[in-house]
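Below: one structure, written as structure tokens.
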Amino acid sequence: MNIAVCVKPVPDPKFYDKITINPETKLLERNKIPMAINPSDKNAIEAAMRLKELLGAKVILISMAPPEAKEVLKEGLAMGIDEAYLLSDRAFAGADTYATAKTLAAGLNKIGLFDLILTGSESVDGGTSHVPSQLGEMMGMPHLNHVMAVETEGDILKVKTKIENGYMLYEGLPPMVLGVSKEINTPRYVSLMGVVKAQGKPFTVWGLNDLQLNADDVGLAGSLTQPGSLRTPPIDRKVEMLDGDIEEKAEKILKILYAAGVLN
Amino acid sequence: MLKFSEQQEQLRKVVRDFVEKEIATIASKIDQEDTCPVELLRMTAQLGYNGVFVPECYQGVGLGYTERAIILEEIARHSAGFALALMTHHLGVYAILTWGNEEQKQKYLPKLCSGSIAGLAVTEPGGGSDFAGMKSTGELVDGYWVLNGRKCFITNSHCADINIVVVRTGEDEKGRPRMSVFVIDENTPGCKPGRKEKKTGLKGSDMGDVILDNVKVPASNLIGKPGDGAKIGLGTISEVGRSGMAAIGLGILRACLEDSVKFAKERIIYGRPLAKLTNIQFIIAQNRTDYEAGRLLTYNAVGIKDAGLPCVPEISIAKYFTTEAAINTAKRTIDLMGGYGVICDYPVDRYLRDAVASIPSGGTSYVMQIIIAGSALS
Numbered sequence: 003m004n005i006a007v008c009v010k011p012v013p014d015p016k017f018y019d020k021i022t023i024n025p026e027t028k029l030l031e032r033n034k035i036p037m038a039i040n041p042s043d044k045n046a047i048e049a050a051m052r053l054k055e056l057l058g059a060k061v062i063l064i065s066m067a068p069p070e071a072k073e074v075l076k077e078g079l080a081m082g083i084d085e086a087y088l089l090s091d092r093a094f095a096g097a098d099t100y101a102t103a104k105t106l107a108a109g110l111n112k113i114g115l116f117d118l119i120l121t122g123s124e125s126v127d128g129g130t131s132h133v134p135s136q137l138g139e140m141m142g143m144p145h146l147n148h149v150m151a152v153e154t155e156g157d158i159l160k161v162k163t164k165i166e167n168g169y170m171l172y173e174g175l176p177p178m179v180l181g182v183s184k185e186i187n188t189p190r191y192v193s194l195m196g197v198v199k200a201q202g203k204p205f206t207v208w209g210l211n212d213l214q215l216n217a218d219d220v221g222l223a224g225s226l227t228q229p230g231s232l233r234t235p236p237i238d239r240k241v242e243m244l245d246g247d248i249e250e251k252a253e254k255i256l257k258i259l260y261a262a263g264v265l266n
Numbered sequence: 122m123l124k125f126s127e128q129q130e131q132l133r134k135v136v137r138d139f140v141e142k143e144i145a146t147i148a149s150k151i152d153q154e155d156t157c158p159v160e161l162l163r164m165t166a167q168l169g170y171n172g173v174f175v176p177e178c179y180q181g182v183g184l185g186y187t188e189r190a191i192i193l194e195e196i197a198r199h200s201a202g203f204a205l206a207l208m209t210h211h212l213g214v215y216a217i218l219t220w221g222n223e224e225q226k227q228k229y230l231p232k233l234c235s236g237s238i239a240g241l242a243v244t245e246p247g248g249g250s251d252f253a254g255m256k257s258t259g260e261l262v263d264g265y266w267v268l269n270g271r272k273c274f275i276t277n278s279h280c281a282d283i284n285i286v287v288v289r290t291g292e293d294e295k296g297r298p299r300m301s302v303f304v305i306d307e308n309t310p311g312c313k314p315g316r317k318e319k320k321t322g323l324k325g326s327d328m329g330d331v332i333l334d335n336v337k338v339p340a341s342n343l344i345g346k347p348g349d350g351a352k353i354g355l356g357t358i359s360e361v362g363r364s365g366m367a368a369i370g371l372g373i374l375r376a377c378l379e380d381s382v383k384f385a386k387e388r389i390i391y392g393r394p395l396a397k398l399t400n401i402q403f404i405i406a407q408n409r410t411d412y413e414a415g416r417l418l419t420y421n422a423v424g425i426k427d428a429g430l431p432c433v434p435e436i437s438i439a440k441y442f443t444t445e446a447a448i449n450t451a452k453r454t455i456d457l458m459g460g461y462g463v464i465c466d467y468p469v470d471r472y473l474r475d476a477v478a479s480i481p482s483g484g485t486s487y488v489m490q491i492i493i494a495g496s497a498l499s
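Protein chains in written order, with the numbering used here: chain R, 3 to 266; chain V, 122 to 499.
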């Protein structure tokens, strides 16, 4: 079985309180805080590793990101992934989900054929949940998102997806693209030996010229959407001392919460 | 300039991830309950921490003492007590790795890398650094060594599976005590934990007596040669014990620095953050300087050890500086936090207790100064 895992380096959620937005470009100032693998992409890596341990598989990791993401992606190799591919080029900058999926699809097609392509169901920075479906369409594969469980029965993949009031069960034959949610597993801790072995694993970096794409297909030029206005909401602290007995205070608290829009 | 390799940076990141999820969340609890979370030591074994400097052929990771210091610093950042349990396990591992024969390495190291816990029992009620005054004995009877005595202040006393003990096995031709080292297998009759001490700090690691009551071990359990006890005991403590304590002190220093910065930024007084006050900035500057100095001293010392060069004075300097600085830094951080510094909802009182308890572990600051002065004056 050949499995690919698509991952996205995102601002490390541990440092969210330090995130800033450039007032002119309206983009996150990503270089100001450390990057980490998008949390649900880590679940995708874990899901791939479990299938590899169960069935035997070659698992590769692929990402479209700036060159400095290399160290972040090595964590995936340390978790047990066999090879990594970083698609990195100035031309890829400013890509929306469509252009991102197009670039990833070009990279995947160049690497080879896959039985399963896994990715996180959504990123913690963009949060659109577009890429799994877009990738499936561009790769010509069936695709499911918000996957909570994957099991195999012979050649058949049994997939459970999260829906609003429960879950759906699907059965199908590979290949397919699955966007996994955090419920699917708990990613393993990286062992020291994993870190040591990761240093010697193949790590390929490809730019625009290595892929069958034009500059107009990728990055900002190839994007169908443009970011609108982004702003940092004002966060003010305010202290108000309330008088009265406990019931009066409770009523006053409720009024304040309604007035502030916390309760409707 | 101190610069870590890419691999070391990656290692620090993954260790930090583990520590923040599994240790930071229970650090206060294990301090309050004063118990060693043995299950965590089994987990760290699976991740390679317990055998970090053991070659791969014995199922270790094959890294060095710099990587060990990184692990201990990261753990001690949140739980110096638990870091001490792992640090002490490494002492037993090091004694076997360095002075054990091939058969002993094959027998014990894979176990110690994969979850069995080691302890090193040297100190006795009569003293720790006074090897010659040791009272515990080993006597060769019918091809077996019979060990008797009482070891005290032994870390991992109540959770170690495999104990390494130093006992008196006779006298040399000049009448000086001949000390020897033995490994005692798990569940060997007569070897048992005794009284468990209640410590000021570094809770989260057991410390107490190890009782040797007619413990019978085969001759093959002798590490090194008869009479190698002082060399093995002192060699292990002076290089691996004290470098471990330096890294633990460093972890406490970083905890104080990070918590003092966080508190100074968040605490609003007279309408602005505490951090705007000059006297608070002095405390932050002192905390940062102590951490940076400790960091340079510690990683320089273990770097020398990794290079295979003599390192005892440098390690003593690092241990002396970081543990003493940790006390001062924790005290300053308590001062910075005012009333919040002395309530147990905040961990800074634990940092101070841990720092105080770090001084005697591996040799007091006075012993460190004697070694440092001896080296400078030689």
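Glycine included, each C-beta is placed from N, C-alpha and C at the ideal position.
Beta-carbon contacts of residue i that lie in its chain and below 6 Å, excluding the five residues immediately before and after
{"i": "Val220(R)", "result": "Ala93, Phe94, Ala101, Thr105"}
{"i": "Trp220(V)", "result": "Ile344, Gly345, Ile353"}
{"i": "Glu173(R)", "result": "Ile158, Lys160"}
Helix, strand or coil at residue i [DSSP, three-state]
{"i": "Cys377(V)", "result": "helix"}
{"i": "Phe203(V)", "result": "helix"}
{"i": "Cys501(V)", "result": "No answer is possible for residue 501(V): it lies beyond the span of chain V, which begins at 122 and ends at 499."}
{"i": "Lys240(R)", "result": "coil"}
{"i": "Phe403(V)", "result": "helix"}
{"i": "Asp334(V)", "result": "strand"}
{"i": "Arg453(V)", "result": "helix"}
{"i": "Gly270(V)", "result": "strand"}
{"i": "Met297(R)", "result": "It is not possible to answer for residue 297(R), since the shown part of chain R is limited to 3 through 266."}
{"i": "Glu249(R)", "result": "helix"}
{"i": "Glu31(R)", "result": "coil"}
{"i": "Tyr172(R)", "result": "strand"}
{"i": "Met3(R)", "result": "coil"}
{"i": "Tyr391(V)", "result": "coil"}
{"i": "Val264(R)", "result": "coil"}
{"i": "Asn45(R)", "result": "helix"}
{"i": "Val161(R)", "result": "strand"}
Contacts around residue i, its chain only, beta-carbon distance under 7 Å, and the 5 residues preceding and following it disregarded
{"i": "Phe316(V)", "result": "A quick correction: the sequence has Arg, not Phe, at residue 316(V). So the qualifying residues of the chain are Gly329, Asp330."}
{"i": "Glu177(V)", "result": "Gly183"}
{"i": "Lys184(R)", "result": "Pro41, Ser42, Asn45"}
{"i": "Pro68(R)", "result": "Ser90"}
{"i": "Arg388(V)", "result": "Pro394, Leu395"}
{"i": "Val501(V)", "result": "Outside the modelled stretch of chain V, which goes from 122 to 499, sits residue 501(V), for which no answer is possible."}
Beta-carbon proximity check, residue i vs residue j, cutoff 8 Å
{"i": "Thr130(R)", "j": "Glu124(R)", "result": "yes"}
{"i": "Gly114(R)", "j": "Asn211(R)", "result": "no"}
{"i": "Tyr191(R)", "j": "Leu168(V)", "result": "yes"}
{"i": "Gly356(V)", "j": "Ala204(V)", "result": "no"}
{"i": "Val286(V)", "j": "Met300(V)", "result": "no"}
{"i": "Asn187(R)", "j": "Ala49(R)", "result": "yes"}
{"i": "Glu73(R)", "j": "Glu195(V)", "result": "no"}
{"i": "Gly415(V)", "j": "Ala446(V)", "result": "yes"}
{"i": "Cys312(V)", "j": "Asn269(V)", "result": "no"}
{"i": "Gly82(R)", "j": "Met51(R)", "result": "yes"}
{"i": "Leu457(V)", "j": "Tyr412(V)", "result": "no"}
Chain R contact for residue i (CB, 8 Å cutoff)
{"i": "Pro378(V)", "result": "The question names Pro, yet the displayed sequence has Leu at residue 378(V). Output row for Leu378(V): interface = no."}
{"i": "Leu205(V)", "result": "no"}
{"i": "Asp263(V)", "result": "no"}
{"i": "Phe125(V)", "result": "no"}
{"i": "Ile174(V)", "result": "It is Phe, not Ile, that sits at residue 174(V) in the sequence shown. No, no contact with chain R."}
{"i": "Phe274(V)", "result": "no"}
{"i": "Asp138(V)", "result": "yes"}
{"i": "Leu343(V)", "result": "no"}
{"i": "Tyr170(V)", "result": "yes"}
{"i": "Val74(V)", "result": "No answer is possible for residue 74(V): it lies beyond the span of chain V, which begins at 122 and ends at 499."}
{"i": "Leu162(V)", "result": "no"}
{"i": "Leu132(V)", "result": "yes"}
{"i": "Val214(V)", "result": "no"}
{"i": "Val135(V)", "result": "yes"}
{"i": "Gln128(V)", "result": "yes"}
Nonlocal neighbours in the same chain, by C-beta distance under 8 Å from residue i, ignoring five residues either side
{"i": "Gly58(R)", "result": "Met3"}
{"i": "Lys440(V)", "result": "Arg363, Ser364, Met366, Ala367, Gly370, Gly483, Gly484, Met489"}
TODO: Residues of the stretch 54 to 87 of chain R with a CB closer than 8 Å to any CB of chain V: list them in chain order, please.
DONE: Glu73, Lys76, Glu77, Ala80
TODO: With 9 Å as the limit, tell me which residues of the stretch 192 to 225 of chain R have their beta carbon closer than that to any beta carbon of chain V; keep them in chain order.
DONE: Val192, Ser193, Leu194, Met195, Gly196, Val197, Val198, Ala200, Gln201
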